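Structure, as structure tokens:
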Amino acid sequence: SSTGEITDYGIVSKRLVTQTFVKRLAAEMASNWAGADAWKYHGSGTSSAAEANSQTALGAEVGSRVSGTQVDVSAGTTGNYQSIATITYGSALSITEHGLFNAAAVGIMLDRSKFTAIVVGSGDSIVFTYDLTINPE
5 SSTGEITDYG IVSKRLVTQT FVKRLAAEMA SNWAGADAWK YHGSGTSSAA EANSQTALGA
65 EVGSRVSGTQ VDVSAGTTGN YQSIATITYG SALSITEHGL FNAAAVGIML DRSKFTAIVV
125 GSGDSIVFTY DLTINPE
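Have a look at this one:
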């Protein structure tokens, strides 16, 4: 019979995400996700602020975001999602950051990376390749 008591057992299980799941996740990201789940929009900017997992946007985004080509490059035991996009600039800039988003404007940022400045002039392009490796366990 039920006494209405609740017993807290704490965390009873964690770890061991399977190889099959991580490979499936990468494949789904590359081929089937759409709308708010399409992590394919590349943005770039000029901020050199440190990266932090609490950030929701690039520090100083410039220009428009570009939709990338999504690819599942899983191999071995890992899931690997890749998105590739070419961003062309309309003026001289020092590009120092890149982000991947789920929308052409605003949206949710999956990742922000900063790097040594790449100086571009009007009409210059940068090809960004974002690679997400998803490990099992």
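Under the working numbering, the first residue of the sequence shown carries the number 5, and numbering increases by one thereafter.
For each residue, glycine too, the CB sits at the ideal point set by N, CA and C.
Computed from a prediction, not measured in an experiment: that's the story for all the values here.
Identify the continuous alpha helix (DSSP H) that holds Thr-24 and give its terminal residues.
23–35
Under 8 Å, do Ser-126 and Glu-101 count as touching if we go by C-beta distance?
no
Taking Cβ positions, are Leu-20 and Val-66 nearer each other than 8 Å?
no
Do you know offhand how far Gln-86's Cα is from Ser-129's?
19 Å
I'd like the span of the beta strand (DSSP E) that includes Leu-114, first residue to last.
113–124
How about Ala-50 and Ala-64: do their beta carbons lie closer than 8 Å?
Checking the displayed sequence, the identity of residue 50 turns out to be Thr instead of Ala. The answer is yes: Cβ separation under 8 Å.
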